[in-house]
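Trainee: Here the sequence shown stands for residues 2 to 126, numbered as in the numbering used here. Note that beta-carbon positions come from the ideal geometry of N, C-alpha and C, so glycine has one too. First, the structure itself, so that you have it in front of you.
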Amino acid sequence: MSTHAQPDRIAVRRVYDPPAPADGTRLLVDRLWPRGISKERAAVDEWLRDIAPSKELRTWYHEDRAGRYDAFAERYDAELADPVRAGLVAHVRDLARRGRVTLVTSVKEIEHSHVPVLVRHLRGD
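Given below as structure tokens:
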């Protein structure tokens, strides 16, 4: 049995979008709670703040987002191997083996955030 999640079992949505029945288990994967969103409106099953990049990495990346994404992605991928994050990754993979999982985030530009790195890591790409 594969230790990675099936690609079609992982989706990504913004927390500001209304939840959908097809979302399955909704996991907030941001370190900070989204501004202006109540717990009811977010409709997340779990908040996995410790799976997000460290405060130090996030601060470093935001100092020069345009020129640092590749290095950010590499550093975040390395952070995902630390014991706490690795345990959370295993938890998400386990949920995805059982059904659909939607990673929920507040970031505006998902493609330039930690989320694609996390998805690749979960899928074993």
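Just mark Ala82 as buried or exposed, buried being the case when its beta carbon has 16 or more other beta carbons within 10 Å.
Mentor: Label assigned to Ala82: exposed.
Trainee: Are Thr103 and Asp31 touching if we call contact CB-CB under 7 Å?
Mentor: The answer is no: Cβ separation not under 7 Å.
Trainee: Quick one: Cα of His113 to Cα of Phe73, how far?
Mentor: Straight-line Cα distance between these residues: approximately 10 Å.
Trainee: With C-beta atoms as the reference, is Arg76 less than 7 Å away from Leu58?
Mentor: It is a contact, given that the beta carbons lie within the stated cut-off.
Trainee: When we look at the beta-carbon of His63 and count the other beta-carbons within 10 Å, is it buried (16 or more) or exposed?
Mentor: Burial call: exposed.
Trainee: Taking Cβ positions, are Arg1 and Gly25 nearer each other than 7 Å?
Mentor: The structure shown has nothing for residue 1, since the chain only spans 2 to 126.
Trainee: Which of the three DSSP states, helix, strand or coil, is assigned to Arg94?
Mentor: Looking at Arg94 - three-state DSSP - the assignment turns out to be helix.
Trainee: What's the gap between the Cα of Val16 and the Cα of Pro35?
Mentor: Taking the straight line joining both Cα atoms gives about 8 Å.
Trainee: Give the list of continuous alpha helix (DSSP H) stretches no shorter than 4 residues that lie fully inside the segment 39 to 120.
Mentor: Counting whole runs of 4 or more residues, the segment 39 to 120 contains the alpha helix (DSSP H) stretches 40 to 43, 56 to 64, 66 to 80, 84 to 99.
Trainee: Less than 7 Å between the beta carbons of Leu49 and Leu28, yes or no?
Mentor: Yes, they are a contact pair.
Trainee: What residue does the beta strand (DSSP E) around Val16 start on, and which one ends it?
Mentor: Careful: Val16 lies outside any beta strand (DSSP E) and carries neither H nor E.
Trainee: Rounded to the nearest angstrom, what separates Arg10 and Leu96 at their Cα positions?
Mentor: Each residue's Cα considered, the two are about 9 Å apart.
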